[in-house]
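Worksheet: one structure, shown below.
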Amino acid sequence: MTYFSEDRIKQTIEFHGHQCPGLAIGVRAAELCLRELGHHDDSSIVAICETDMCGVDAIQFLTGCSVGKGNLILKDHGKMAFTFYRREDGKGFRAMLNPDFIGGLRSEMGRLMEVVYEGTPTPEEEERCTQVRAECEKQYYTADLADMFIKQEPQIKMPRPASILQSLVCEDCGEMHMESRSRRFAGRTLCLTCFDKVEQKM
Numbered sequence: 008m009t010y011f012s013e014d015r016i017k018q019t020i021e022f023h024g025h026q027c028p029g030l031a032i033g034v035r036a037a038e039l040c041l042r043e044l045g046h047h048d049d050s051s052i053v054a055i056c057e058t059d060m061c062g063v064d065a066i067q068f069l070t071g072c073s074v075g076k077g078n079l080i081l082k083d084h085g086k087m088a089f090t091f092y093r094r095e096d097g098k099g100f101r102a103m104l105n106p107d108f109i110g111g112l113r114s115e116m117g118r119l120m121e122v123v124y125e126g127t128p129t130p131e132e133e134e135r136c137t138q139v140r141a142e143c144e145k146q147y148y149t150a151d152l153a154d155m156f157i158k159q160e161p162q163i164k165m166p167r168p169a170s171i172l173q174s175l176v177c178e179d180c181g182e183m184h185m186e187s188r189s190r191r192f193a194g195r196t197l198c199l200t201c202f203d204k205v206e207q208k209m
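Okay, so the sequence shown: first residue is 8 according to our numbering, each after it adds one.
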């Protein structure tokens, strides 16, 4: 891969804490964002991640989007899909990991990782799992982006810019919370935690 330098990839791995195929997916998704829309330092980029996997850290580190700035949104649908928007002109796209890309290798990796996590692998299975993970990571880093991702129109609307809202006091626990996260129940203003304790749905 030539878009990011080896040092930049190393920094991304250090930021995340370990090297893995999932992080490589995020690196390539971030590359696609930067190629199409630019970096957040240059324009107002928004990233919406439909997973909470390792690659989200790569997207944060490499695009400049973050949860704290309100332009990295997690919608954990359990899908390897990432939507990027540029606020200035509304241009955006959704990049979904192509299920056919190295499908057999990915299936083998998933099966072996399940055995390893259960704590019952044979030495041969453990060694093969390491080999397959390394091969998947290599394939992700060297793939053509058009082969690796299915590029689509966005399916999630661009979120509004972050705004400063009033803080309210929960009438149950007494803690401050954002107005947009408050609930009214039996004439009282409650935070979401306290609301969940008393609200009953059949």
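No residue lacks a Cβ here, since even glycine has one placed at the ideal position from N, Cα and C. Just so you know, these numbers come straight off a predicted model, no measurement behind them.
Simplified DSSP assignment, three categories, for residue i
i      : result
His47  : coil
Ser114 : helix
Ser174 : strand
Met209 : Unreliable positioning characterises Met209 in this predicted model, as indicated by a pLDDT of 38, which lies under 50. A coordinate reading is not provided.
Met120 : helix
Thr185 : In the sequence under discussion, the amino acid at residue 185 is Met, which differs from the Thr named in the question. Strand, per DSSP.
Pairwise C-alpha distance: residue j and residue i
i      : j      : result
Ala37  : Phe22  : 15 Å
Asp64  : Gly33  : 7 Å
Gly75  : Gln67  : 11 Å
Lys164 : Thr90  : 9 Å
Lys204 : Gly111 : 46 Å
Arg101 : Glu121 : 29 Å
Ser174 : Thr200 : 15 Å
Beta-bridge partners of residue i, as assigned by DSSP
i     : result
Ala54 : Leu79, Phe91
CB contact check: residue i to chain C, cutoff 8 Å
i      : result
Cys136 : This model lacks chain C altogether, as it is built from one protein chain only.
When the options are compared against residue i, the one with the closest alpha-carbon
i      : options                        : result
Asp151 : Glu178, Pro168, Ile109, Gly181 : Ile109
Gly117 : Gln138, Gly99, Met103, Leu197  : Gln138
His25  : Glu95, Glu133, Arg140, Asp107  : Arg140
Lys158 : Ile16, Gly194, Glu43, Glu115   : Glu43
Met183 : Phe192, Gly194, Cys198, Ile171 : Cys198
- [ ] Assess, as a yes-or-no matter, whether the segment 54-70 is touched by the segment 79-98 under the definition of 3 or more beta carbon pairs within less than 8 Å.
- [x] yes
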